[in-house]
């Protein structure tokens, strides 16, 4: 019996290692494919100038600024609401039927296609609230799309805080909110930030939600307010690859823009990992 269990364990571990190797190989192939075709387009001019000559020349500065603006708007909207929702669900709400129904709705929202969020943003933010195609409308749309990820990650981080921490704080006379603010949140914060930035990284690469709400085909001007329309890296890639005036002539620009977008997302994820490591080290110290 023990030999059978050990054999089954070895088989499971082997299958897990194969799965990891397949995922790693797929990622390496994709990154190599993009880097090998896009590095030639990377230059100071490419990163610091707007597109010219019907977007067949020039750079992608408006796209970079637009993507960063949309990401900042997204996190400023989604992070406070997501964390507050997670605190209520985990610390106050209990295990009622209503709470289970809310969690089911959050899980379902996490699986909704991004194009649906884009259509919602177009109908509600752009038309009903009359925001027009703007950074604000696009950021709020991406924020709603990111909320389920942030709520889920924040709730799991709060659940990971040991129960004795709460009991010790309450036993010393602290209120429940003081316990959450002074004890629970500092311990859970590394996980909250990590999940939030991972959700933001996903939003940064989305095309469908912003093509209706925040991004435009072409604008050489940098945004001056949250009500301006912008270019964005994922939408720019889509435009160059499908609707450009000379698709083959811009092939290197497509891969170069994709390389910049991947680098931006990689930087966000690396920042999340470093922040989590520093916060955990500070808590242990």
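Residue numbers (this note's numbering): 164 to 448. Glycine is no exception: its CB is placed at the ideal position from the N, C-alpha and C atoms.
DSSP places residue 378 within a strand segment (E or B) once states are collapsed to three. Within the region 197-230, the complete alpha helix (DSSP H) runs of at least 4 residues fall at 207-211. With a cutoff of 8 Å on beta-carbon distance, residue 367 and residue 427 are scored as near each other.
In this structure residue 248 is buried. Its beta-carbon is surrounded by 16 or more other beta-carbon atoms within 10 angstroms. With respect to the 8 Å criterion, residue 390 and residue 306 are not classified as neighbours on the basis of their beta carbons. A Cβ-Cβ distance of about 5 Å is found for the pair residue 392 and residue 296, placing them in contact under the 8 Å criterion.
Counting only runs of 4+ residues, the alpha helix (DSSP H) found wholly inside the region 341-395 occupies 348-367 and 371-374, in chain order.
Secondary structure at residue 236: helix, using DSSP grouped into helix, strand and coil. Here residue 187 is exposed, its C-beta having fewer than 16 other C-beta atoms within 10 Å. Going by C-alpha positions, residue 349 is about 21 Å away from residue 432. Under the three-state reduction of DSSP, residue 275 is assigned to coil, being neither helix nor strand. Pairing residue 396 with residue 237 gives a Cβ-Cβ distance that is not under 8 Å. Contact annotation: the region 336-350 does not touch the region 263-279, with fewer than three C-beta pairs closer than 8 Å. Distance from residue 233 to residue 377 at the Cβ level is roughly 6 Å; contact confirmed, criterion being Cβ atoms closer than 8 Å.
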